[in-house]
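A.B. asks:
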Amino acid sequence: MNTALLIASLVSSAVIPGTIVDKPDDRNDRFVDRSTVVRAFHAEAMVAMGGSFAMEMVPVQAQGQRAFLLSDSYADPKAPMEAGEGWMFVRDAMGNGAMVLISEDMSLYDLEDALDGAPSLEAEFAVALDRDGAHLVGVLDSHGQTAFERDVLHYRPAPSVSTEAAAQFLPRGSMVWPERSFSADSEDWSLDKEAQWGSSQGYGLRISQGEQDEIQAAELPDTRGWKPFLSLAEPVHTLAGWALSMPGDVNSAVAEMGADFGRGWGQRAFDLRFMGDEGTWETVSGPMADIQAQIPVDLSDYGIQARPSGK
379 MNTALLIASL
389 VSSAVIPGTI
399 VDKPDDRNDR
409 FVDRSTVVRA
419 FHAEAMVAMG
429 GSFAMEMVPV
439 QAQGQRAFLL
449 SDSYADPKAP
459 MEAGEGWMFV
469 RDAMGNGAMV
479 LISEDMSLYD
489 LEDALDGAPS
499 LEAEFAVALD
509 RDGAHLVGVL
519 DSHGQTAFER
529 DVLHYRPAPS
539 VSTEAAAQFL
549 PRGSMVWPER
559 SFSADSEDWS
569 LDKEAQWGSS
579 QGYGLRISQG
589 EQDEIQAAEL
599 PDTRGWKPFL
609 SLAEPVHTLA
619 GWALSMPGDV
629 NSAVAEMGAD
639 FGRGWGQRAF
649 DLRFMGDEGT
659 WETVSGPMAD
669 IQAQIPVDLS
679 DYGIQARPSG
689 K
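Just so you know, we're using my numbering here: the sequence shown kicks off at 379 and counts up by one.
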């Protein structure tokens, strides 16, 4: 075949109707959630929530600054939380990330199962009780692990910083919160003064023996990434309850985080956990455009909206 015929055959074969050429290329699509809350409390770890899902997940500390995460309380850990439809993202002390799609009928135990089953997340989650109700507990390292060696655990507030921001899920599978979308003066985080939780005298946090054994048996990293954030403020017990003293240098603490993209904060890869048709948790990963094609739910139901490339 001469050169002219070869070129003609290649051109004609590339435009045959019905071939891959006619299929829209959505590989550069991005997905966004314009109303998320990001909380940082550790040099590697952070928590974010999106959609209409509303749960506090904040750091607290036991004796010797043995820090762990604690959620607000729910009357029954087996009943639906009814906390909204959305998602929760957790980054552990080693920088691994997991995201859970959350529906209204999910219970606290369901959320525990979802996070504990995330393949790459090096953390342990459990349900604990105090006089306020059931809490989700998150243990990120061996230092926090030692806080659960006794039956009743007393704790006090630990400082964290937070910001409202718009989340973007990029074509290469990254999740990022651009600094320009931060709520406080751009490129700034505010010290969280709302969730100043501490155990009341005589009413500590109780955890079942089985859950405690699982926490103790987990192989967690030995890290003290809490330090730059625990130095921000000292908890003080007053007549009105716990308070946090004047903050330290918030910007300095945030600057030590390992989630800095230069002009944003984010996660380069993460597991996404969703409830499958069989009622069991399943895991997918990769760009959101690929994930949406693999899961039996619509991401927009959870507050994540598709934005085609070029728009």
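Glycine included, C-beta positions come from ideal geometry on N, C-alpha and C.
(1) When the Cα atoms are used, what is the spatial distance from R469 to G619?
(2) Please report the residue range of the alpha helix (DSSP H) in which P606 lies.
(3) Between the region 566-582 and the region 473-492, are three or more C-beta pairs nearer than 8 angstroms?
(4) Measure the alpha-carbon distance for A461 versus V416 and round it to whole angstroms.
(5) Spatial neighbours of G642 within its chain, please: C-beta separation below 7 angstroms, excluding the five flanking residues on both sides.
(6) Spatial neighbours of I682 within its chain, please: CB distance less than 6 angstroms, with the 5 preceding and 5 following residues excluded, ordered by chain position.
(7) List the whole-angstrom C-beta distance separating S413 from E542, where the pair is believed to meet the contact cut-off of C-beta under 8 angstroms.
(8) Would you tell me roughly how many angstroms separate the C-alpha atoms of P437 and S586, rounded to the nearest one?
(9) Examine the Cβ distances between the region 443-451 and the region 511-526 and report whether three or more of them are shorter than 8 angstroms.
(10) Let's test the definition: count the other Cβ atoms within 10 Å of the Cβ of Y533 and tell me whether it reaches 16, buried, or not, exposed.
(11) Beta-carbon within less than 7 angstroms of Y680's beta-carbon, same chain only, minus the 5 sequence neighbours each way: which residues are those?
(12) Going by DSSP in three states, S540 sits in which element: helix, strand or coil?
(13) Which value, in whole angstroms, describes the spacing of the CA atoms of Q443 and G636?
(14) Should the region 642-652 be regarded as contacting the region 489-504, the criterion being three or more beta carbon pairs within less than 8 angstroms?
(15) Considering only C-alpha positions, which residue in the set M624, M666, P625 and A426 is nearest to S552?
(16) Enumerated in chain order, which unbroken segments of the beta strand (DSSP E) with a length of 3 residues or greater are wholly contained in the region 548-598?
(17) If Q574 and A621 are in contact, beta carbons under 8 angstroms, what's the gap, nearest whole angstrom?
(18) Let me check one thing: in DSSP terms, what residues is H513 bridge-paired to?
(19) Mapping DSSP to helix, strand and coil, what is T658?
C.D. replies: Let me lay it out:
(1) As a first step, residue 469 is located in the sequence shown; it is residue number 91 there, counting from the start. As a first step, residue 619 is located in the sequence shown; it is residue number 241 there, counting from the start. Looking at the two C-alpha atoms, the distance is approximately 30 angstroms.
(2) To locate residue 606, count along the sequence shown from 1; it is residue 228. That run of the alpha helix (DSSP H) goes K605 to L608.
(3) Cβ pair count under 8 angstroms is below three, so no.
(4) For the purposes of this step, residue 461 is taken as the residue at position 83 of the sequence shown. For the purposes of this step, residue 416 is taken as the residue at position 38 of the sequence shown. Roughly 17 angstroms separates the two Cα atoms.
(5) Sequence index remark: in the sequence shown, residue 642 carries index 264 (1-based). Within the same chain, V554, W555, P556 and E557 come within 7 angstroms of G642 by CB-CB distance, once the 5 residues on both sides are set aside.
(6) Within the sequence shown, the letter at position 304 stands for residue 682. So the list reads F409 and D411, once near-sequence residues are dropped.
(7) Residue mapping note: residue 413 aligns to position 35 of the sequence shown, counting from 1. Residue mapping note: residue 542 aligns to position 164 of the sequence shown, counting from 1. Correct: roughly 7 angstroms between the Cβ atoms.
(8) The count along the sequence shown starts at 1 and reaches residue 437 at position 59. The count along the sequence shown starts at 1 and reaches residue 586 at position 208. Rounded to the nearest angstrom, the two C-alpha atoms are 21 angstroms apart.
(9) Put simply, the region 443-451 touches the region 511-526. At least three CB pairs are less than 8 angstroms apart.
(10) For the purposes of this step, residue 533 is identified with residue 155 of the sequence shown, where counting begins at 1. Residue burial is scored here from C-beta neighbours: Y533 has at least 16 other C-beta atoms within 10 angstroms and is therefore classed as buried.
(11) Taking the sequence shown and counting its residues from 1, one reaches residue 680 at position 302. Cβ-Cβ distances below 7 angstroms link Y680 to G429, E463, G464, W465 and L479 in the same chain, with the five nearest sequence neighbours on each side left out; the list follows chain order.
(12) The residue given as residue 540 occupies position 162 in the sequence shown. S540 falls in the strand class under three-state DSSP.
(13) The residue given as residue 443 occupies position 65 in the sequence shown. The residue given as residue 636 occupies position 258 in the sequence shown. Going by the C-alpha atoms only, they are around 21 angstroms apart.
(14) By the C-beta criterion, the region 642-652 is judged to be in contact with the region 489-504, since at least 3 inter-stretch pairs fall below 8 angstroms.
(15) The sequence position of residue 552 within the sequence shown is 174, counting from 1. Comparing Cα positions, the closest option is M666.
(16) The region 548-598 contains these whole beta strand (DSSP E) runs: 553-556 and 583-585.
(17) Taking the sequence shown and counting its residues from 1, the one referred to as residue 574 is at position 196. Taking the sequence shown and counting its residues from 1, the one referred to as residue 621 is at position 243. Your pair Q574 and A621 checks out as a contact, with CB atoms roughly 6 angstroms apart and the cut at 8 angstroms.
(18) Counted from its first residue, the sequence shown places residue 513 at position 135. BP columns for H513 point to A506.
(19) Taking the sequence shown and counting its residues from 1, the one referred to as residue 658 is at position 280. The answer is coil: DSSP assigns T658 none of H, G, I, E or B.
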